[in-house]
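If you count the sequence shown from 1, you need to add 6 to reach my numbering.
Encoded as structure tokens, the structure appears first; notes follow it.
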Amino acid sequence: MRISRILFVLGAAGMLAACTKPADDAAKGGDGAAAAAAAATTIATVNGKKLSSDLYDTFVQAVTGGQMQEPLTDEQKSQLIDQLVNMTLAAQAAEKDGLQKDAKVAARIELLRTQILAEAASDKYIKSHPVSETELKAEYDTQVASMPKEYKARHILVEKQETAESIIRELQAGGDFSKLAKQESKDSSAQAGGDLGWFNPQSMVKPFADAVVALEKGKYTTTPVQSEFGYHVIILDDVRSPEAPNFDDVKPQVEMFVQRKKLQEYLDGLRKTAEIQK
Numbered sequence: 007m008r009i010s011r012i013l014f015v016l017g018a019a020g021m022l023a024a025c026t027k028p029a030d031d032a033a034k035g036g037d038g039a040a041a042a043a044a045a046a047t048t049i050a051t052v053n054g055k056k057l058s059s060d061l062y063d064t065f066v067q068a069v070t071g072g073q074m075q076e077p078l079t080d081e082q083k084s085q086l087i088d089q090l091v092n093m094t095l096a097a098q099a100a101e102k103d104g105l106q107k108d109a110k111v112a113a114r115i116e117l118l119r120t121q122i123l124a125e126a127a128s129d130k131y132i133k134s135h136p137v138s139e140t141e142l143k144a145e146y147d148t149q150v151a152s153m154p155k156e157y158k159a160r161h162i163l164v165e166k167q168e169t170a171e172s173i174i175r176e177l178q179a180g181g182d183f184s185k186l187a188k189q190e191s192k193d194s195s196a197q198a199g200g201d202l203g204w205f206n207p208q209s210m211v212k213p214f215a216d217a218v219v220a221l222e223k224g225k226y227t228t229t230p231v232q233s234e235f236g237y238h239v240i241i242l243d244d245v246r247s248p249e250a251p252n253f254d255d256v257k258p259q260v261e262m263f264v265q266r267k268k269l270q271e272y273l274d275g276l277r278k279t280a281e282i283q284k
């Protein structure tokens, strides 16, 4: 990885925002934070202000996005320390000029502080409330049960309502749906007898989807279904539940989903006991 110049004046806020992911020890509370502070060393001093190795590590994480593929070289470390020193000098100059009292600057500082503390609290809650295997399996089963059904249908699409009504009368008289689709339908599925294969209703325009879902297996619509494409006559051939993904394959995603739900419940609990005025 090549470390180039960092535009700290323009990018400092963005880098600080990226630093809001708290270290594991800090999120564990007083003892962990105290131990981490004791283990930190000073990597530089700027006008009497000590820059700790913890600050440097957090800065590196922000600059690299935590995506380093290999260890930093000594030259890269030196460049990063220089950039951190430059940021510190700029911050000291800003404080000397009283910029921290500027309303917009103060608001940004407060927002970053709030974000850091909020994420630290969230991480602490998640660590102290791990997701159990039972919770994961229950959520997986719930999601599988709620998966929308898939439908297999054929349709005949025509321009005019009268044509669709005529086709329905032919079907009621014993006409063959596939033959009528080949003769009358303007849809690309016509040569396949109007066969649309298996589909999720959500992938279809609403009038068509609503009509399909309302049909019984083997039945066809007895009135034309109008959509933006024209008038449809639809027959439902089959319905099935979609094949669910293997639990182990989606377990990480399910765990993240359950974590978010638990965290939202935690936040909802905080709101219930808080005094909030808008």
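Positions of the beta carbon are idealized from the N, C-alpha and C atoms, including for glycine.
Determine the burial state of residue i: buried for a count of at least 16 other Cβ atoms within 10 Å of its Cβ, exposed for fewer.
| i | result |
| --- | --- |
| Val211 | exposed |
| Arg175 | exposed |
| Ile173 | buried |
| Gly72 | exposed |
| Leu117 | exposed |
| Val239 | buried |
| Arg160 | buried |
| Thr64 | buried |
| Ser10 | At Ser10, the pLDDT of 39 sits below 50, so the modelled position is not reliable and the matter cannot be decided from this model. |
| Ala170 | buried |
| Ala220 | exposed |
| Ala280 | exposed |
For residue i versus residue j, is the C-beta distance shorter than 8 angstroms?
| i | j | result |
| --- | --- | --- |
| Pro207 | Ala215 | yes |
| Thr228 | Ala217 | no |
| Ala179 | Ile162 | no |
| Gln106 | Ala112 | yes |
| Ser233 | Pro248 | no |
| Leu90 | Leu123 | no |
| Glu145 | Phe263 | yes |
| Glu261 | Val137 | yes |
| Asp60 | Ala46 | yes |
| Leu142 | Lys268 | no |
| Gly236 | Glu165 | yes |
| Pro230 | Gln167 | yes |
Assuming residue i contacts residue j under a Cβ cut-off of 8 angstroms, what Cβ separation, rounded to an integer in Å, is found between them?
| i | j | result |
| --- | --- | --- |
| Trp204 | Lys158 | 5 angstroms |
| Gln98 | Val52 | 7 angstroms |
| Met153 | Ala68 | Not a contact, Cβ separation roughly 40 angstroms. |
| said: Under 8 angstroms: do the stretch 188-199 and the stretch 241-257 share three or more Cβ pairs, one atom per stretch? | reply: Remark: fewer than three beta-carbon pairs, one from each stretch, lie closer than 8 angstroms, so the stretch 188-199 and the stretch 241-257 are not flagged as touching.
| Do the stretch 132-150 and the stretch 267-281 make contact, defined as three or more Cβ pairs closer than 8 angstroms? | These segments touch.
| request: Just list the alpha helix (DSSP H) runs in the stretch 162-208, keeping only unbroken ones of 4 residues or longer that don't cross its boundaries, in chain order. | output: Runs found: 167-178, 183-190.
| In chain order, which continuous runs of the beta strand (DSSP E) of length 3 or greater are located wholly inside the stretch 57-97? | Entirely contained in the stretch 57-97, not one beta strand (DSSP E) run reaches 3 residues.
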